[in-house]
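Visitor:
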Amino acid sequence: MAITIAIFIPFLAALLVPFIYKRVRSRNIGWFVMSVPLVLFIYLASFIPAIAGGKTYIHTIKWIDSAGINFTTYLDGLSMIFGLLITGVGSLVILYSIYYLSEREALGRFYVYLLMFMGSMLGVIFSDNLMVLYVFWELTSISSFLLIAFWYHRKKSRYGAQKSMLITVSGGVGMLVGFIMLHTMTGSFSVREIIATIGQYTNESLFLPAMLLVLLGAFTKSAQFPFHIWLPDAMEAPTPVSAYLHSATMVKAGIYLVARFTPVFGGEAVWFYTVTGVGIFTLFWGSVNAVRQTDLKALLAYSTISQLGLIMSLFGLGSAALNEGYSADSVIYTQATFAALFHLINHSTFKGALFMVVGIVDHQVGTRDIRRLGGLMSLMPVTFTIAVIGSFSMAGLPPFNGFLSKEMFFESVLNVRNLDIFAMGPLMGSLLPVVAWIASVLTFVYSMIIVFQTFLGKHQPDRLDRKAFEAPVGMLIAPSILALFVVGIFFFPNVVGKYLLKPAMASVLPPFEGAEGLVPHITAWHGFNGAIMMTIGVIVVGGLLYFFLRYWRGVYSLAPMRWNLDSMYNGLLTQAEKASSFLTRTYMTGYLRDYLAYIFVFFILTVGGGLLWTGGFSIDFSNDAPITVSEYIIIFVMMGASIAIIFVKSRMTAILLNGVLGYSIAILFVVFRAPDLALTQIIVETVTTALFLLCFYFLPEWSKEKSTRSLKVFKGIIAISVGTVVTVLALVVQGNKMFESISVYFEDAYELAGGKNIVNTILGDFRAFDTMLEVVVLFIAGIGVFTLIKLKAGKGDEDVED
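Here you go:
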């Protein structure tokens, strides 16, 4: 129950922020907001010993029980890691934002969006029900859209928010379809129940499409190739947003989805090759593009893409353990999963610190352009120290936590060469470590760019917007804490391994009982093995490439930029806008006759087509009452009046003929012995006719529309067709009664309600609430009209006074 409440606490706090913001100083609102994730972090941390001991917590609130959709929360090792990252990094980001954002910013709105996102992410990781998970999944897309577009007056911010929204929501819709397929196969929306029973459904025809659609949602959210293009443009958001969403939380939602569904789809060749292949290529592609960037934030964006690809590829490799059944070779795959979880934590620490460092540089000197920076080490020594720790950890150097998980990554891709899993073959087995090593070399290069080209070299004060000096202490606290974690995890990695990684392994690779020996013991030194040799090669080759960077960086200009994925996206979006604009101009003609034609043609095709398709033209006249001469006379009068309205040229005549129709209906009610309905019809017809005459008095002269012969024929066909369909439908319904008429019930009105007049009894008793609500609606409408009249009069009076 407490975990369920924890999800909604950020949403409740978001509701309070606007009221508190009005009553406190702008900057002070941040301290209230920071208390929310800080309390949640401490609360979640209290569960660590129990979770490490193998315990899980589940709670269910009934929601749509008939459809199997209940609000079920589930806390285990995997959700614990993400929960601590969301609340822990969230607390530091909010602390950082207190000093980073100006009091002139709309801080109330900013923190509302941030809390919405935090609650949505907690909902994603703690939800056991697929439909509830999807709801929170899309809430993360909406709240991240609002955060990215926080500076909405900037065109690039709006563009980046739109781009992220379109790509991630599209993937989310595909994921929803995959969830529905899973439910169709298993009959359950519960992730735990699906994991327990999925073995009997792996041969179902929906299994593979469901897998690919779930991966589509994961890949779009975690910025995997080719969906990665939204992440660099999302960097237009304020730096606290980038540090939170794009290094520690939102982009990790896709990683979480892959980890959570590994027990469902892991062990399958398609899952193994898709997740590993997409991940390893994203690692390579992100690192290639990071080196070419001249904006520090864009460089970090592509580095994030690359690091997410690394984690994704490790989860792909680790999924093979489910196919092996925890055999002797499974240690290779379990080590890959362990490395993925480990690097997940490490990446959040060093990348969060680096984003804050870049924000500090931009805040203090007014630019993130590497070409204008340099020589800041002596002017910003604390920021420089944090940058070194974060960058060297990202490069995989000791004594930082990134070195440990990078070594495990190298060991995983090297060991997989020796196994014949899913008919991989030597080529694929050899290609993985080669690509991984090249990407790591480029990672080393761009990590050095961050440190050396920003803080060393020649200082260029004339090219900076502001004089450089160290940031305020408050802005340095959050990145310093993250930097301490980067170093601390290196020296005490097995604390993290025992209390966080091991229980998470049991969630990703169940059943894990009896496989505890497969959980690696983390050590900084493994001897001179293949992994350390790859690291030495990365340092040597990466150092040389960085030293000669100015000589070979020009190779990027050889690539035709107009063929990149961003250009394809922009072109597709432009064509979609043109097509939609053409379609809108085609049917939005501005003529009422065209809109009515659309409606009537749709009615003819759907209703008439439905009758034809189902063969429903069975009409029974046997139970119909005979039609008297007086009724024929009234009907022919109504038909004549209806046809005459079309051809008359006087507006007054048209109104009178329309009145003939209404009064003829009243006469029919009299013939059918329904005086109440007749009286009501007469009153309504009299009022409407009077209103018509009053309104038409103010209209210009009536000019008949000039229509071509073909248009008149088309209108006539539509009119006759609609009349025919309505008539046939009425006859079909009248002649085919599947159930006893409800009027039989109302015939006992006197016994049931004490009223002899059935119509009055229905209105006053059986439909009492409906009638009362109708009266309330009319009352509200009357108040609205009265208010508008008074407002208009008031406005006119003011104008006169002026």
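For the sequence shown, the numbering used here begins at 203 and goes up steadily by one.
Each residue gets a CB set at the ideal place from its N, CA and C atoms; glycine is no exception.
Does the distance from the C-beta atom of Gln537 to that of Pro722 stay below 9 Å?
Guide: As a working mapping, residue 537 is identified with position 335 in the sequence shown. As a working mapping, residue 722 is identified with position 520 in the sequence shown. Contact flag set, yes.
Visitor: Measuring only the C-alpha atoms, how far is Ile591 from Val689?
Guide: Translated into positions along the sequence shown, residue 591 becomes position 389. Translated into positions along the sequence shown, residue 689 becomes position 487. Answer to the nearest angstrom: the Cα atoms are 8 Å apart.
Visitor: When the Cα atoms are used, what is the spatial distance from Ile845 to Ile869?
Guide: Reading the sequence shown from its first residue, position 643 is the one you call residue 845. Reading the sequence shown from its first residue, position 667 is the one you call residue 869. The alpha-carbon atoms of Ile845 and Ile869 are separated by roughly 19 Å.
Visitor: Below 8 Å, can you find three or more Cβ-Cβ pairs linking the stretch 251–268 to the stretch 218–236?
Guide: The answer is no - the stretch 218–236 does not touch the stretch 251–268, with fewer than three Cβ pairs under 8 Å.
Visitor: Going by Cα to Cα distance, which pick from Gly325, Leu510, Ile588 is closest to Gly479?
Guide: As a working mapping, residue 479 is identified with position 277 in the sequence shown. Answer by Cα proximity: Leu510.
Visitor: Quick one: grab the DSSP three-state call for Ser782.
Guide: By one-based count along the sequence shown, residue 782 stands at place 580. Helix at Ser782.
Visitor: Under DSSP, the beta strand (DSSP E) around Ile808 begins and ends at which residues?
Guide: Within the sequence shown, the letter at position 606 stands for residue 808. Here residue 808 is Thr; the residue named in the question, Ile, does not match the sequence. Segment: none, Thr808 is in no beta strand (DSSP E) and carries neither H nor E.
Visitor: Quick one: what's Thr275 bridged to in DSSP?
Guide: If you number the sequence shown from 1, residue 275 lands on position 73. Looking at the DSSP assignment, Thr275 forms a beta bridge with His261, Ser329.
Visitor: Among Pro902, Ile683, Ile885, Leu644, which residue has its Cα nearest to the Cα of Ser852?
Guide: By 1-based counting over the sequence shown, the position of residue 852 is 650. Nearest C-alpha to Ser852: Pro902.
Visitor: Just verifying my parser: in three-state terms, what is the DSSP assignment at Ile801?
Guide: Position 599 of the sequence shown, counting from 1, holds the residue named residue 801. Note: Ile801 maps to helix in three-state DSSP.
Visitor: Under 9 Å between the Cβ atoms of Tyr259 and Ile679?
Guide: Residue mapping note: residue 259 aligns to position 57 of the sequence shown, counting from 1. Residue mapping note: residue 679 aligns to position 477 of the sequence shown, counting from 1. Not closer than 9 Å, so no.
Visitor: Mind reading off the beta-carbon distance from Leu512 to Leu485? Whole number of angstroms is fine, and I expect it under 8 Å.
Guide: Position 310 of the sequence shown holds residue 512. Position 283 of the sequence shown holds residue 485. The Cβ separation is near 5 Å, so the contact holds.
Visitor: Can you give, in chain order, each stretch of the alpha helix (DSSP H) that sits fully within the stretch 651–730 and has at least 4 residues?
Guide: Fully enclosed alpha helix (DSSP H) runs of 4 or longer: 675–693, 695–698, 704–710.
Visitor: Expressed to the nearest angstrom, what Euclidean distance is found between the alpha-carbon atoms of Ile562 and Phe602?
Guide: Position 360 of the sequence shown, counted from the start, is the residue given in the question as residue 562. Position 400 of the sequence shown, counted from the start, is the residue given in the question as residue 602. Approximately 22 Å between the Cα atoms of the pair.
Visitor: Report the option in Phe900, Gly290, Phe849, Leu459 whose CA atom is closest to the CA atom of Met377.
Guide: To locate residue 377, count along the sequence shown from 1; it is residue 175. Comparing Cα-Cα distances from Met377 to each of Phe900, Gly290, Phe849, Leu459, the minimum goes to Leu459.
Visitor: Kindly identify the DSSP beta-bridge partner or partners of Ser392.
Guide: In the sequence shown, counting from the first residue as 1, residue 392 sits at position 190. Paired residues: Asn331.
Visitor: By the 10 Å Cβ neighbour count, where 16 or more other Cβ atoms means buried, how is Ala597 classified, buried or exposed?
Guide: Start at 1 with the first residue of the sequence shown, and residue 597 comes out as number 395. That one is buried.
Visitor: Run through DSSP, which three-state label would Asp822 get?
Guide: If you number the sequence shown from 1, residue 822 lands on position 620. Three-state DSSP puts Asp822 in coil, outside helix and strand.
Visitor: With DSSP as the reference, label Ile857 as helix, strand or coil.
Guide: On the sequence shown, position 655 is the one that residue 857 refers to. Correct three-state label for Ile857: helix.
Visitor: Measure the alpha-carbon distance for Tyr648 versus Ser505 and round it to whole angstroms.
Guide: As a working mapping, residue 648 is identified with position 446 in the sequence shown. As a working mapping, residue 505 is identified with position 303 in the sequence shown. If I take the Cα positions, the gap works out to 8 Å.
Visitor: Rounded to whole angstroms, what's the CA-CA distance from Asn405 to Ile369? Just pull it up for me.
Guide: As a first step, residue 405 must be located in the sequence shown, where it is residue number 203. As a first step, residue 369 must be located in the sequence shown, where it is residue number 167. Between Asn405 and Ile369, the C-alpha separation is close to 31 Å.
Visitor: Can you give the Cα-Cα distance for Leu747 and Ser489, rounded to whole angstroms?
Guide: Residue mapping note: residue 747 aligns to position 545 of the sequence shown, counting from 1. Residue mapping note: residue 489 aligns to position 287 of the sequence shown, counting from 1. Leu747 and Ser489: Cα-Cα distance of roughly 14 Å.
Visitor: Just verifying my parser: in three-state terms, what is the DSSP assignment at Asp972?
Guide: The residue you call residue 972 lines up with position 770 of the sequence shown. Helix, per DSSP.
Visitor: With a cut-off of 8 Å, do at least 3 Cβ pairs link the stretch 268–286 to the stretch 310–319?
Guide: Contact fails: fewer than three Cβ-Cβ distances are below 8 Å.
Visitor: Assign Asp878 to one of three DSSP states: helix, strand, or coil.
Guide: As a working mapping, residue 878 is identified with position 676 in the sequence shown. Looking at Asp878 - three-state DSSP - the assignment turns out to be helix.
Visitor: Hey, quick one: how far does the alpha helix (DSSP H) through Lys958 stretch, first residue to last?
Guide: Within the sequence shown, the letter at position 756 stands for residue 958. From DSSP, Lys958 is part of no alpha helix (DSSP H); its letter is neither H nor E.
Visitor: Can you name the start and end residues of the alpha helix (DSSP H) that Lys917 belongs to?
Guide: In the sequence shown, counting from the first residue as 1, residue 917 sits at position 715. Counting along the chain, the alpha helix (DSSP H) containing Lys917 begins and ends at 911–937.
Visitor: Give, in chain order, every unbroken run of the alpha helix (DSSP H) that is at least 4 residues long and sits entirely within the stretch 435–497.
Guide: For the stretch 435–497, whole alpha helix (DSSP H) runs of length 4 or above, ordered along the chain, are 441–447, 452–467, 471–493.
Visitor: If you reduce the DSSP assignment to three classes, tell me which class Asp950 lands in.
Guide: Start at 1 with the first residue of the sequence shown, and residue 950 comes out as number 748. Three-state DSSP puts Asp950 in coil, outside helix and strand.
Visitor: I need the straight-line Cα distance from Ile991 to Met974, nearest angstrom please.
Guide: Residue numbering aside, residue 991 sits at position 789 when the sequence shown is read from its first letter. Residue numbering aside, residue 974 sits at position 772 when the sequence shown is read from its first letter. Rounded to whole angstroms, Ile991 to Met974 spans 26 Å at the Cα level.
Visitor: Measure the alpha-carbon distance for Ser329 versus Tyr701 and round it to whole angstroms.
Guide: In the sequence shown, the residue the question calls residue 329 occupies position 127. In the sequence shown, the residue the question calls residue 701 occupies position 499. Spanning the two alpha carbons is a distance of roughly 22 Å.
Visitor: Below 9 Å between beta carbons: does that hold for Leu616 and Ile741?
Guide: Taking the sequence shown and counting its residues from 1, the one referred to as residue 616 is at position 414. Taking the sequence shown and counting its residues from 1, the one referred to as residue 741 is at position 539. No, Cβ-Cβ distance for Leu616 and Ile741 is not below 9 Å.
Visitor: Counting along the chain, where does the alpha helix (DSSP H) carrying Thr206 start and finish?
Guide: Taking the sequence shown and counting its residues from 1, the one referred to as residue 206 is at position 4. Element bounds for Thr206: 204–223.
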